[in-house]
Amino acid sequence: MSRRPSGSFGRSGSASSHLSSAGGGGGDAGSSTAAAPAVFCVNPVLFENCGALLNAPSGLTTTAVLKVLQSTGNKTSISLAKWKETAMMVLGLRESTAYAIFDVFFALSGGCIQNTPAYSGGERSSVAQLRQESNRALLQKMGGTVDQNRWPAASTARQVSLPGLLVFLLCQLFVERRRAGAPNKLTSEAVAEYVRQHLHDFISAVAATCSSRLTLADAAELGYLLREVVNGVEQPFGLSIGFLWQFNEKTIDVAVLSQYLRVRIRANSEIAKVGSVATTAANAFGFNNVTVQNLDSTVHITPYALLPDIAFRLLSSNLTISNCSQTHIYAPSVLPHTQLSSLTNCTVLLGPVSGVLSVQNCHHCCISALCGAIVVSNCTNVTLYVCVNTPPVLLSNESLNGGVGMSGASSSKTNGAASFPPRSGVRFAPYNSFYPAIEQHISSSGISPLLNVWNVGLPDHESILPPSEFQSMPFPLTHSANLSNVTRTNPCPLPMPYRDAVNRRLQRLRDVNEAIADATGQLRGAGRNDLVDELHQRVTSMFRDWLKETGQEHILADLTHTVAPSKTVG
């Protein structure tokens with residue numbers, strides 16, 4: 039049963055002290071006794087972390103997107119099966135594109151749906167709890183474990199918020215247009231201007247209850263798009279707009295909310311300037327956004343608690359790791375939506391990503407993560423060891439340049455995956471790591487270690503890492519004395535071919551160790567301790583040669599020294 043996330047519209051008691059009451063919307067008048075006025079900025083996750091999912095050129099317009107609401111009878115939710123049919127018939131999208139859009143938004147939202155019995159009740163589920171409920175239901179439909187043959191039928195019953203999905207699609211229109219016309223990095227100013235210009239369309243997309251009018255619950259769906267900020271600190275969206283529904287009105291005109299919000303939308307770069315110096319110093323906007331960047335030839339381990347708890351109640355929280363080379367990065371924490379961008383010759387091990395993992399412009403990298411969804415674009419020679427609860431979304435390099443993209447098979451088995459161009463060297467494998475607190479973090483994130491569809495819909499065998507090349511990569515961490523449940527092995531079950539390959543490799547190591555021990559014992563028995571030392575030196579030398587040949591010679595050296603100063607920006 040889907041419920042409203044606790045960090046969403048107008049329900050958070052922890053943030054209400056910063057805002058005026060429902061009748062206090064006049065705080066914008068600037069009186070000294072009124073609460074500080076709220077301003078709004080755009081959630082960058084929708085524009086930066088989800089990839090360019092539309093085929094270019096898609097031919098879509100905002101008018102066409104809004105027709106979806108009409109064609110579905112102004113429903114507040116939509117199943118994957120119904121969305122696929124509507125996207126293909128009404129919007130003319132490819133089946134694989136329709137799947138990708140649905141899966142990525144499903145990971146963003148947790149499948150939260152308006153008008154469910156607990157939507158407006160006192161007890162509210164978090165996005166993590168919503169994910170857990172959905173993942174359990176999917177596994178149950180497949181008989182308790184992942185079954186690729188039963189996945190299509192099981193997954194098509196999933197539902198998401200239709201207004202939220204349309205908001206996401208309107209954001210994808212902007213991403214597509216920018217990709218075709220100006221492929222440089224998006225700026226917060228350009229995104230804010232786009233939302234201002236099309237705000238009426240965004241609000242119309244969430245007016246599901248009544249055409250051209252919306253309820254308070256309808257307006258809540260804008261929480262996917264807009265961040266509400268007071269004194270430079272983000273709150274759950276919607277706490278300051280309730281006064282617009284005056285005199286017990288159930289609905290207001292779309293134009294009323296549009297006029298109110300448009301003049302209060304700011305670029306993200308402006309928000310940090312709002313409020314007093316003391317306020318911004320103590321509560322700098324962006325506490326829920328972390329960046330790790332410009333690392334070279336080092337090992338970087340992020341803090342155990344990367345973000346404060348409240349950040350995970352905000353849909354806009356994100357982690358970005360960018361512009362790094364020859365570096366090993368470990369993030370043993372529950373993570374928000376995460377973007378890996380412009381990494382070269384890097385190894386990245388992540389804790390559970392509570393949403394979407396985006397991998398862009400990465401080359402010669404090895405990445406290990408658990409996540410709700412993964413979107414990979416413009417990468418070469420990258421190996422991804424993943425536990426992902428929706429099928430991988432692969433965007434071809436051509437699609438980023440305005441050519442043909444998302445060219446994968448169109449059967450329902452694909453469920454969102456699209457093929458990479460040949461010889462890109464992007465390969466997937468099951469998850470391969472662990473650290474002491476990972477099971478605790480998995481529980482907090484809502485990611486299911488049992489629902490791993492890492493290989494569902496992959497285009498061909500070249501996209502799958504052979505079991506013989508699979509390797510485990512545990513985090514270089516010791517467990518805390520305060521940790522009650524210590525994880526000592528991979529929490530995600532390995533498919534049998536990979537499990538057998540790991541066991542064979544371990545057996546070979548045992549055989550080598552036994553052979554060395556036997557040889558050492560015989561030499562010592564013969565009084566040849568000089569040869570024992572020579573044998574140990576020879577084995578050590580061969581191990582170092584192997585590290586050098588595989589490009590890993592600096593790992594042990596770096597880990598035995600003090601970790602490099604943090605370049606994590608909060």
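Taking the numbering used here, the leading residue of the sequence shown gets 39, the next gets one more, and so forth.
Beta carbons are placed, not taken as given, at the ideal position from N, Cα and C, and that holds for glycine.
Asked, Found
"Member of 233, 302, 177 whose CA lies at the smallest distance from the CA of residue 76", "302"
"Per-residue DSSP class, three states only, for residue 396", "strand"
"Uninterrupted beta strand (DSSP E) stretches inside the region 471-529 (no shorter than 3 residues)", "none"
"Residue 214 - DSSP class collapsed to helix/strand/coil", "helix"
"Three-pair Cβ contact test at 8 Å for the region 267-282 versus the region 96-105", "no"
"Cβ contact (3+ pairs, closer than 8 Å) linking the region 284-300 and the region 106-120", "no"
"Nearest to residue 167 (by Cα), restricted to the options 580, 432, 410", "410"
"Cβ-based neighbour list, residue 493, same chain, cut-off 7 Å, excluding 5 preceding and 5 following", "466, 502"
"Through-space distance from residue 164 to residue 483, alpha-carbon basis", "10 Å"
"Cut-off 8 Å between Cβ atoms - residues of its own chain near residue 204, not counting five sequence neighbours on either side", "103, 104, 106, 107, 243, 244"
"Under the three-state DSSP convention, the category residue 272 falls into", "strand"
"As assigned by DSSP and simplified to three states, the class of residue 287", "coil"
"Beta-bridge partners of residue 423, as assigned by DSSP", "406, 467"
"Residue 416 beta carbon less than 8 Å from that of residue 263", "no"
"Pair within 8 Å by beta-carbon distance, residue 489 and residue 176", "yes"
"Buried versus exposed call for residue 134 [16 or more other C-beta atoms within 10 Å across all chains shown]", "buried"
"Where the beta strand (DSSP E) containing residue 433 begins and where it ends", "431-433"
"For residue 168, the three-state DSSP class (helix, strand or coil)", "helix"
"Residue 338 - partner residues in DSSP beta bridges", "367"
"Neighbourhood of residue 451 by C-beta distance below 8 Å, restricted to the same chain and skipping five residues each side", "A caution first: residue 451 carries a pLDDT of 41, below 50, which makes its placement in the model unreliable, though a value can still be read off. Only 186, 189, 190, 494, 495 meet the Cβ criterion."
"Residue 116 - containing beta strand (DSSP E), residue span", "115-117"
"Contact between the region 504-517 and the region 577-584 (3+ Cβ pairs under 8 Å)", "no"
"Three or more C-beta pairs below 8 Å linking the region 540-554 and the region 471-481", "no"
"For residue 428 and residue 141, believed in contact at Cβ under 8 Å, the rounded distance", "4 Å"
"Collapsed DSSP secondary structure at residue 411 in the structure displayed", "strand"
"Where the beta strand (DSSP E) containing residue 224 begins and where it ends", "Per DSSP, residue 224 belongs to no beta strand (DSSP E) and is neither H nor E."
"Buried or exposed by the 16-neighbour rule on C-beta atoms within 10 Å, applied to residue 278", "buried"
"Alpha-carbon to alpha-carbon, residue 232 and residue 197", "28 Å"
"Of the listed residues 265, 182, 241, nearest to residue 293 (C-alpha basis)", "241"
"N- and C-terminal bounds of the beta strand (DSSP E) containing residue 198", "197-199"
"Whole-Å CB distance - residue 371 paired with residue 421, under 8 Å assumed", "Incorrect: roughly 22 Å between the Cβ atoms, too far for contact."
"Reduced DSSP secondary structure (H/G/I, E/B, other) of residue 391", "strand"
"Residue of 249, 226, 542, 210 minimising C-alpha distance to residue 114", "249"
"Nearest-angstrom Cα separation, counted from residue 424 out to residue 526", "18 Å"
"Identity of the residues DSSP links to residue 375 by a beta bridge", "356"
"Rounded separation between residue 94 and residue 214 - CA only", "7 Å"
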